[in-house]
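Chains as they are written, first to last, in the numbering used here: chain G, 6 to 366; chain S, 9 to 297.
Reading through the structure tokens given below for one structure.
Now the structure itself:
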């Protein structure tokens with residue numbers, strides 16, 4: 006009996022060594038986006054937090070292959086709030102393994118709330134230029150686009166954000182994203198409309214940019230949710246709308262008489278992050294790497310109409326969806342990239358001035 | 009063991025035992041209150057003094073930032089308007105509930121309660137559809153020649169939406185008080201020569217005041233903390249304090265400042281209630297006299 010059990014122990018120890026060696030070898034290889042090690046996460050559970058709705062459903066659908074192959078149990082939670090991440094990190098009880106956040110948080114809280122990513126475990130070679138940070142990879146791309154009412158501005162449509170801020174040449178009600186934080190790109194464009202150069206913007210210029218937005222007047226609508234912006238377009242409440250491309254596309258699909266002015270559309274993305282103190286960082290990295298794969302990204306776009314962030318992804322979508330994808334060469338040429346570094350450095354000042362303006366100040 | 013000792017013993021011991029027993033009955037609720045309200049509240053108060061450093065910095069910031077004071081004042085003003093609108097709408101309704109027969113009364117009760125079961129967000133979004141510039145109300149107004157009435161994104165719109173959400177909290181206390189009013193007192197007043205208006209103002213209204221006070225306090229306090237309705241129906245000029253708290257806590261992770269704002273609102277509410285309390289009691293006494 007004892008001989009048998011000690012032999013068994015030896016065999017299982019050897020087997021364990023073998024597995025360890027195999028996974029070790031696997032980790033040292035260069036990662037490939039979308040590659041999933043068969044059965045590697047059996048018995049493990051990962052919690053993925055995002056913003057809910059169609060978007061999160063699409064993300065979970067995109068991760069189906071990862072779940073099936075790795076054997077992981079995937080839980081879905083949300084909506085993402087940085088205060089919740091902070092509470093988890095501070096109480097040392099981190100229940101979110103991968104978190105989908107807005108543009109800025111991984112820059113503002115890199116190393117404090119979000120951990121530096123290990124890029125020997127994530128393949129970033131297919132991600133568009135300039136979108137990977139120390140603490141994040143993009144979760145998808147989309148745009149903030151200027152939509153205008155084609156019946157109102159028949160022959161003289163606005164062409165860019167400077168026109169958006171010109172209420173004399175282009176009278177009409179404006180609708181602006183008031184759902185949360187300021188959009189850096191919009192403030193840069195507002196500053197441009199005052200005659201300034203966004204590339205040379207200083208901290209003091211933030212007040213000028215915010216004042217330019219305030220000057221749009223009392224009729225301006227600050228929409229609170231994406232659904233509301235879509236409703237504003239479909240009911241014709243606003244003549245010019247700052248909209249997310251996903252919502253703009255759905256509004257057009259539903260018959261809204263609006264069309265985008267693509268010049269200087271604002272490039273925005275969601276970010277994938279891993280909180281500091283996540284239970285199993287290796288598994289979190291594996292999820293992110295799988296998420297970035299070609300077929301996962303194709304599924305994501307089909308389900309959500311957001312632009313994939315794997316350059317090889319070729320999702321099959323209808324014409325309206327295709328018209329609002331932002332990764333074509335033409336759109337890439339027209340896009341405007343906000344100065345993330347500037348806004349991260351001046352986040353507090355900008356956020357306070359923006360929220361004071363939003364509160365009628 | 010004399011006969012006279014027994015009643016006094018009976019008098020002495022059972023009340024205290026009864027009060028402890030009563031307290032035990034309240035224990036689950038007390039525990040719940042301490043855990044889900046007391047503890048977080050204490051944490052928020054503590055953080056308002058302790059973050060980022062110990063001191064009064066967060067309160068200094070609150071009172072030296074003009075927008076905070078504007079919004080604080082606005083929060084109280086909107087809540088007061090909502091309370092007034094609720095009283096005006098709920099009073100006749102609650103009276104009708106007591107005056108009609110049991111079947112109609114049940115129907116009226118359901119009318120109050122059914123919207124109560126629908127989520128506030130859903131109701132607020134229905135108000136968006138009704139109040140918007142191209143909405144039902146405006147197209148009706150337009151058909152009678154009133155053009156360009158702005159309802160949505162104004163304080164008026166916010167007050168309408170909030171009053172509808174909070175109406176049950178006014179109707180129910182009023183109803184429970186009115187149900188207990190003996191209508192023969194009104195008849196007596198009439199028989200002694202008071203006209204219907206005088207009978208109402210000297211007899212019925214004073215007797216129903218406790219219901220108005222109870223409802224008004226509940227509605228006013230609930231209104232102070234409203235977030236979704238002003239966010240969806242209002243514009244920048246109807247933003248309430250909760251939105252500013254949200255920005256400090258969720259966007260800037262300034263728990264100290266957010267906590268200070270909450271504490272200021274709480275203390276201001278207590279002060280207001282402390283001022284209103286004696287006034288109400290006095291009026292109430294006058295009324296019953």
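C-beta atoms are modelled at their ideal positions from N, C-alpha and C, and glycine is treated no differently.
From the options, pick the residue whose C-alpha is nearest to that of residue i; which is it?
i	options	result
residue 35/G	123/G, 112/G, 63/G, 85/G	123/G
residue 91/S	75/S, 201/S, 262/S, 179/S	179/S
residue 246/G	263/G, 49/G, 259/G, 356/G	263/G
residue 72/G	94/G, 47/G, 90/G, 92/G	47/G
residue 141/S	243/G, 278/G, 322/G, 312/G	243/G
residue 332/G	183/G, 133/G, 240/G, 321/G	133/G
residue 366/G	190/S, 144/S, 78/S	78/S
residue 231/G	316/G, 203/G, 180/G, 213/G	180/G
residue 268/G	354/G, 148/G, 261/G	148/G
residue 99/G	146/G, 108/G, 69/G, 53/G	53/G
residue 260/S	353/G, 223/G, 90/G	353/G
residue 223/G	222/S, 251/S, 245/S	245/S
residue 261/G	239/G, 279/G, 281/G, 255/G	239/G
residue 171/S	95/S, 209/S, 181/S	95/S
residue 173/G	190/G, 150/G, 198/G	198/G
residue 212/G	40/G, 361/G, 44/G	361/G
residue 241/G	242/S, 137/S, 234/S	137/S
Are the Cβ atoms of residue i and residue j separated by less than 9 Å?
i	j	result
residue 102/G	residue 310/G	no
residue 275/G	residue 88/G	no
residue 135/S	residue 73/S	no
residue 185/S	residue 216/S	yes
residue 42/G	residue 75/G	yes
residue 93/G	residue 286/G	no
residue 342/G	residue 135/G	yes
residue 305/G	residue 67/G	yes
residue 237/G	residue 215/G	no
residue 253/G	residue 186/G	no
residue 128/G	residue 294/G	yes
residue 226/G	residue 161/S	yes
residue 56/S	residue 270/S	yes
residue 107/S	residue 175/S	no
What number of angstroms, rounded off, separates the C-alpha of residue i from the C-alpha of residue j?
i	j	result
residue 120/S	residue 207/S	28 Å
residue 188/G	residue 206/G	15 Å
residue 249/G	residue 308/G	16 Å
residue 85/G	residue 55/G	5 Å
residue 208/G	residue 220/G	20 Å
residue 17/S	residue 27/S	Caution is warranted here: a pLDDT of 48 is assigned to residue 17/S, below 50, making its placement in the model unreliable, and the coordinate value is therefore given only provisionally. Near 16 Å, if we compare the C-alpha coordinates of residue 27/S and residue 17/S.
residue 196/G	residue 71/S	30 Å
residue 36/S	residue 48/S	18 Å
residue 84/S	residue 274/S	12 Å
residue 228/S	residue 118/G	39 Å
residue 263/S	residue 59/S	7 Å
residue 125/S	residue 104/S	22 Å
residue 265/S	residue 363/G	18 Å
residue 116/G	residue 356/G	21 Å
residue 229/G	residue 240/S	7 Å
residue 109/S	residue 117/S	12 Å
residue 78/G	residue 291/G	13 Å
residue 193/S	residue 131/S	40 Å
residue 145/S	residue 177/G	22 Å
residue 212/S	residue 149/S	37 Å
Is residue i close to chain G, meaning its C-beta is less than 9 Å from at least one C-beta of that chain?
i	result
residue 206/S	no
residue 125/S	no
residue 260/S	yes
residue 247/S	yes
residue 263/S	yes
residue 244/S	yes
residue 257/S	yes
Can you confirm whether residue i, when its beta carbon is compared against all beta carbons of chain S, has any partner nearer than 9 Å?
i	result
residue 365/G	yes
residue 120/G	no
residue 241/G	yes
residue 225/G	yes
residue 88/G	yes
residue 357/G	yes
residue 186/G	yes
Whose Cβ in chain B lies nearer than 9 Å to the Cβ of residue i?
i	result
residue 196/S	Among the protein chains in the structure shown, which are G and S, there is no chain B.
Item to check | Cβ contact check for the segment 263 to 282 of chain G and the segment 334 to 341 of chain G: 3 or more pairs under 8 Å | outcome: Yes, the segment 263 to 282 of chain G touches the segment 334 to 341 of chain G.
Next on the checklist: So, does the segment 105 to 115 of chain G touch the segment 344 to 352 of chain G, judging by three or more C-beta pairs under 8 Å?
Outcome noted: The segment 105 to 115 of chain G vs the segment 344 to 352 of chain G: in contact.
Item to check | Touch test, the segment 255 to 266 of chain S against the segment 31 to 45 of chain S, Cβ-Cβ under 8 Å, three pairs minimum | outcome: The answer is no - the segment 31 to 45 of chain S does not touch the segment 255 to 266 of chain S, with fewer than three Cβ pairs under 8 Å.
Checklist entry - At a cut of 8 Å, does the segment 159 to 169 of chain G reach the segment 313 to 327 of chain G through at least three beta carbon pairs? => result Taking 8 Å as the limit for Cβ pairs, the verdict is that the segment 313 to 327 of chain G does not touch the segment 159 to 169 of chain G.
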